[in-house]
Amino acid sequence: MRSRWWAAPVIAAAVIGLAACGSSSPSTSGGTAASGSQVKTASTSVGTIMVNSAGHAIYWFAIDTSTKSNCSGSCATLWPPVTGPVAAAAGASLPGTFGTITRADGTTQATYMGHPLYTYAGDSSAGVVTGNGKNLSGGFWWAMTPSGSKPSGGAAPKPSTGGGYGY
7 MRSRWWAAPV IAAAVIGLAA CGSSSPSTSG GTAASGSQVK TASTSVGTIM VNSAGHAIYW
67 FAIDTSTKSN CSGSCATLWP PVTGPVAAAA GASLPGTFGT ITRADGTTQA TYMGHPLYTY
127 AGDSSAGVVT GNGKNLSGGF WWAMTPSGSK PSGGAAPKPS TGGGYGY
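See below:
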């Protein structure tokens, strides 16, 4: 019988290689993904909403679907898409599911509870939520809550007038 001295190192290398090649897909739960941006919650003038790591409000667009963003071109300049994947920061209470969609331009956009996510260029600093309730680019924009519903706090939305950007 021949000696198989080479078999143990080869098998060990194969096991290590397979372990290192584990799934690299983003987390689709409230847990922290190995890569990508992280979001958290913050108490604001419109209630508890999701914010990015810089503290800027995250929004959803009422006319989007769970598989398609309806904001491109100048709309996407005013409402920059949150590129994915994203996950909840440690300690954030976000019960919903994160995911991604592929935009028409081929980029990956983060979603939460089936809503493609955006920030608003009109929010001047962390904690500012001026985009909530705006009627721009063909539909209403809402700050993203942990439950995925419209925020319950703050003033009722006022319709925008004219074709401007609502500043």
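With positions in the sequence shown counted from 1, the corresponding number in the working numbering is that position plus 6. We treat Cβ as the ideally placed atom computed from N, Cα and C, and that holds for glycine.
Every unbroken stretch of the alpha helix (DSSP H) spanning 4 or more residues and falling wholly within the stretch 67-134 is given here in chain order: 80-84. Only buried fits G137, as 16 or more other CB atoms lie within 10 angstroms of its CB. Selection G102, H121, G61, A93 evaluated against S72 yields H121 as nearest (Cα-Cα). For the pair V92 and M56, the Cα-to-Cα distance works out to about 12 Å. In this chain, the beta strand (DSSP E) harbouring T50 covers 43-50.
Take S75, set aside five residues on each side of it, and the residues of its chain with a beta-carbon closer than 7 Å to its own are P87, I107, R109, Q115, P122, in chain order.
In the structure shown, G154 adopts coil according to DSSP, grouped into three states. Apart from sequence neighbours up to five positions away, the residues of its chain that approach M119 with a beta-carbon distance below 7 Å are G102, T103, G154, ordered along the chain.
Membership of A60 in any beta strand (DSSP E) is not indicated, and neither H nor E is assigned to it by DSSP.
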